[in-house]
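Novice:
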Amino acid sequence: AQRVTQPEKLLSVFKGAPVELKCNYSYSGSPELFWYVQYSRQRLQLLLRHISRESIKGFTADLNKGETSFHLKKPFAQEEDSAMYYCALYGGATNKLIFGTGTLLAVQP
Amino acid sequence: EAGVVQSPRYKIIEKKQPVAFWCNPISGHNTLYWYLQNLGQGPELLIRYENEEAVDDSQLPKDRFSAERLKGVDSTLKIQPAELGDSAVYLCASSLDPGQTQYFGPGTRLLVL
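If you read the protein sequences in the order shown, they are chains S and L.
All you need for this note's numbering is the position in the first sequence, starting with 1, plus 85.
All you need for this note's numbering is the position in the second sequence, starting with 1, plus 81.
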């Protein structure tokens with residue numbers, strides 16, 4: 086079964102501190118992993134996808150198939166990074182995007 | 082480009098009343114999705130359309146929920162009758178094709194009293 090686990094509901098860090106938002110998944114095939122972000126009063130939007138292997142707004146995420154993880158990282162958090170972050174898995178067999186429960190990142194000044 | 086448009090943004094109704102939500106996807110996007118997002122949870126797929134065909138409605142509670150996508154563009158999602166537990170955010174998303182990046186609308190926040 087497809088499942089995405091985000092163990093932290095809330096992550097609070099100070100500005101300039103490193104950030105790591107955890108995401109683990111369960112999927113029997115080759116998944117596509119995504120990070121979506123929702124800033125206050127804005128719509129859910131794509132932050133990055135693992136196949137692009139790009140850095141968006143200083144965030145990166147590496148797919149670790151051995152640990153079935155796709156953690157989101159940023160070396161120096163900014164206040165404007167405060168938002169709700171959702172990890173999502175797309176399974177080609179089901180054509181479904183499965184979301185985790187989300188982690189609220191709060192960057193303190 | 083306006084992005085995915087949804088209306089209304091907020092709706093408050095009494096239980097047992099009907100309610101409908103409307104979605105206009107991004108122009109040219111063949112695939113349209115309706116998601117349900119309960120408080121503290123991530124979005125969960127209710128139904129997926131490819132053009133005007135509902136190709137995955139396995140999670141749609143068909144006793145009270147219905148959806149349509151006439152002409153393969155706009156879509157409506159209806160609940161009749163609404164129950165207290167239906168209070169949630171209903172999200173619409175669209176993509177060029179399945180597996181492509183999904184673009185989300187602002188959602189409709191439903192409160193059933």
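We put the CB at the ideal spot given by N, CA and C, even for glycine.
1) Report the start-end ranges of each beta strand (DSSP E) in the segment 116 to 152 of chain L that is 3 residues or longer and not cut off at the edges.
2) State the DSSP-derived secondary structure class of L:L165, mapped to helix, strand or coil.
3) Which complete beta strand (DSSP E) runs does the segment 134 to 160 of chain S hold, if anything under 3 residues is left out?
4) Between S:L118, S:K100 and S:S97, which has its C-alpha nearest L:Q181's C-alpha?
5) Hey, would you say the C-beta of S:G143 is under 7 Å away from at least one heavy atom of the ligand ZN?
6) For L:N30 and S:F99, what's the separation of their Cα atoms in angstroms?
7) Is there a C-beta anywhere in chain S that falls below 8 Å from the one on L:T189?
8) Terminal residues of the continuous beta strand (DSSP E) containing S:E117?
9) Helix, strand or coil: which one does DSSP assign to S:E105?
10) Note down, in chain order, each residue of its chain lying with its Cβ closer than 8 Å to the Cβ of S:I136, except the 5 sequence neighbours on either side.
11) Could you name the residues of the segment 142 to 161 of chain L whose beta carbon sits closer than 9 Å to any beta carbon of chain S, in the order they occur along the chain?
12) Going by C-alpha distance, which of L:P179, L:V170 and L:E95 is nearest L:N119?
13) What residues of chain S sit near L:D137, judged by a beta carbon separation below 9 Å?
14) Label L:S176 either buried or exposed according to how many other C-beta atoms from any shown protein chain fall within 10 Å of its C-beta, with 16 as the threshold for buried.
Specialist: This is what the structure gives:
1) 125 to 131, 134 to 137 and 146 to 149
2) The residue given as residue 165 of chain L occupies position 84 in the second sequence. Here L:L165 sits in helix by DSSP.
3) 157 to 159
4) By one-based count along the second sequence, residue 181 of chain L stands at place 100. Closest option to L:Q181, Cα to Cα, is S:L118.
5) The ligand content of the structure shown is nil, which means the ligand ZN is not present either.
6) Lying outside 82 to 194, the shown extent of chain L, residue 30 of chain L is not represented and no answer is given.
7) By 1-based counting over the second sequence, the position of residue 189 of chain L is 108. False, the Cβ-Cβ gap to chain S never drops below 8 Å.
8) Within the first sequence, the letter at position 32 stands for residue 117 of chain S. Where S:E117 is concerned, the enclosing beta strand (DSSP E) stretches over E117 to Q123.
9) Numbered from its first residue, the first sequence carries residue 105 of chain S at position 20. Strand, per DSSP.
10) Residue mapping note: residue 136 of chain S aligns to position 51 of the first sequence, counting from 1. Cβ within range, chain order: E117.
11) none
12) One-based indexing of the second sequence puts residue 119 of chain L at position 38. Of L:P179, L:V170 and L:E95, the residue nearest in Cα terms is L:V170.
13) Translated into the one-based positions of the second sequence, residue 137 of chain L becomes position 56. Within 9 Å Cβ-Cβ: T179, N180 and K181.
14) On the second sequence, position 95 is the one that residue 176 of chain L refers to. That one is buried.
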